[in-house]
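So in this note's numbering, spot 230 of the sequence shown is number 299, and the numbers just go up one at a time.
Quick reminder that beta carbons are idealized off the backbone N, C-alpha and C, glycines included.
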Amino acid sequence: MSESHPPIPETGTQHPLVEPEWLEQHLNDPDLRVVDATVQVKLWPFPRVKSGRREFQRSHIPGAAFADLLEISDPQRPSYTFTMPTADWFADQMGRLGIGDGTRVVLYDGRENMWAARLWWMLRTFGFDNASVLNGGWTTWRLEDRPVSSTPCAYPAATFTPHLRPELIADKEQVQAAIKDSKTCIVNALGRRQHSGERKEYGARGHIPGAKNVTAWEILDRETMRYRPTEDLRKLFRPMLETERVITYCGGGIASSSDAFILHLLGHQNVAVYDGGLIEWSTDNLPLELGE
70 MSESHPPIPE
80 TGTQHPLVEP
90 EWLEQHLNDP
100 DLRVVDATVQ
110 VKLWPFPRVK
120 SGRREFQRSH
130 IPGAAFADLL
140 EISDPQRPSY
150 TFTMPTADWF
160 ADQMGRLGIG
170 DGTRVVLYDG
180 RENMWAARLW
190 WMLRTFGFDN
200 ASVLNGGWTT
210 WRLEDRPVSS
220 TPCAYPAATF
230 TPHLRPELIA
240 DKEQVQAAIK
250 DSKTCIVNAL
260 GRRQHSGERK
270 EYGARGHIPG
280 AKNVTAWEIL
290 DRETMRYRPT
300 EDLRKLFRPM
310 LETERVITYC
320 GGGIASSSDA
330 FILHLLGHQN
340 VAVYDGGLIE
350 WSTDNLPLEL
360 GE
């Protein structure tokens, strides 16, 4: 999206997408917090996740801190669902990272940007708008031979004041209602084979009835992990951009945050992430469709 998004202001709320060139120039800004949110995932023979902390300790963007989404997400739920925690829990976790009132944040990960997008969506849900996702993440940073470090990093503790925006998160009842609502579009961010039912992931085959499919991988240049050009993304999301409300979903709230992030960048004002995702939907034996 580098050809169309506006420049990031020096003060105030920054643009949701930041380029590596800008970040390298601003690494020493005292109010800037750079955060790696990588989680490692294996889906077969069952979904498994582990923290990306070990890889972060070996090499990261200079000055970056590590945000462990396995610890930040709801501690009462299975870790692979990554559901939203309480406002108090999230505020405490962000404060420990040095993210709070008066700071700016750039988020990245070592995979497909979706973990950075997930933390960005969480921050936005709790009222923090001064955060950006690094375009291309760690992949582009390394491809462009930008500086790296293995030095342990930490920011001073901060006070994070949450202001919950419940409309940014959808529950299963809202999704069920959306199936019959012509003004709402449901978007599946999982792969084509899962959407059609050819492949079984997260305990079920198929997709939520009526859902469109824009995968969290087709929005990327797979070599650089940069987001595709704006016009390409508008074509992918055109039906959703023409509806009043969009609910994105995936297995457990991660890939769906990537689609939601792009919809926000494209200007849609009413987007929510179904936090429980296909894990909750299939566990509750709710209806699924097969086919494209």
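{"Item": "Three-way DSSP call (helix, strand, coil) for V217 in this model", "Value": "coil"}
{"Item": "Whole-angstrom distance between W91 and I77, CA atom to CA atom", "Value": "Here the model assigns I77 a pLDDT of 38, short of 50, so the residue's position is not dependable, and the following value carries that caveat. Going by the C-alpha atoms only, they are around 8 angstroms apart."}
{"Item": "Q243, DSSP secondary structure in three states", "Value": "helix"}
{"Item": "Distance between beta carbons of R173 and R102, contact taken as under 8 angstroms", "Value": "7 angstroms"}
{"Item": "Alpha-carbon to alpha-carbon, T230 and M309", "Value": "32 angstroms"}
{"Item": "Cα-Cα separation, Q243 to S219", "Value": "45 angstroms"}
{"Item": "Boundaries (first-last residue) of the alpha helix (DSSP H) holding I168", "Value": "Note, I168: premise wrong, no alpha helix (DSSP H); not H, not E."}
{"Item": "L138 CB to nearest heavy atom of the ligand HEM below 6 angstroms", "Value": "Of ligands this structure carries none, so the ligand HEM is not represented either."}
{"Item": "Classification of E79 by the beta-carbon crowding that lies within 10 angstroms, buried from 16 upward", "Value": "Below a pLDDT of 50, predicted positions are generally treated as unreliable, and E79, at 43, falls in that range; no measurement from the model is reported."}
{"Item": "Among A136, P89, R262 and V110, the one whose alpha carbon lies nearest that of E361", "Value": "R262"}
{"Item": "Opening and closing residue of the alpha helix (DSSP H) in which K249 lies", "Value": "K249 -> no alpha helix (DSSP H), and no H or E assigned at all."}
{"Item": "N- and C-terminal bounds of the alpha helix (DSSP H) containing R262", "Value": "R261 to S265"}
{"Item": "Host beta strand (DSSP E) of S120 (start-end)", "Value": "R117 to S120"}
{"Item": "Inter-stretch contact at 8 angstroms, needing at least 3 Cβ pairs: the region 118–133 / the region 234–248", "Value": "no"}
{"Item": "Candidates E313, V283, Y343 and S351, of which the one nearest I331 by Cα", "Value": "V283"}
{"Item": "Paired residues, beta bridge with L289 - DSSP", "Value": "Y296"}
{"Item": "Given 8 angstroms, three or more beta-carbon pairs between the region 285–294 and the region 221–237", "Value": "no"}
{"Item": "E358 (DSSP reduced to helix, strand or coil)", "Value": "strand"}
{"Item": "Delimiting residues of the beta strand (DSSP E) encompassing Q109", "Value": "V108 to K111"}
{"Item": "Length of the line joining the Cα atoms of W190 and T208", "Value": "21 angstroms"}
{"Item": "Counterpart residues of I255 in DSSP-defined beta bridges", "Value": "I316"}
{"Item": "8 angstroms CB neighbourhood of P89 in its chain, flanking five on each side removed", "Value": "L203, N204, G205, T209, W210, E213 and R215"}
{"Item": "With 16 other Cβ atoms within 10 Å as the buried cut-off, status of R180", "Value": "buried"}
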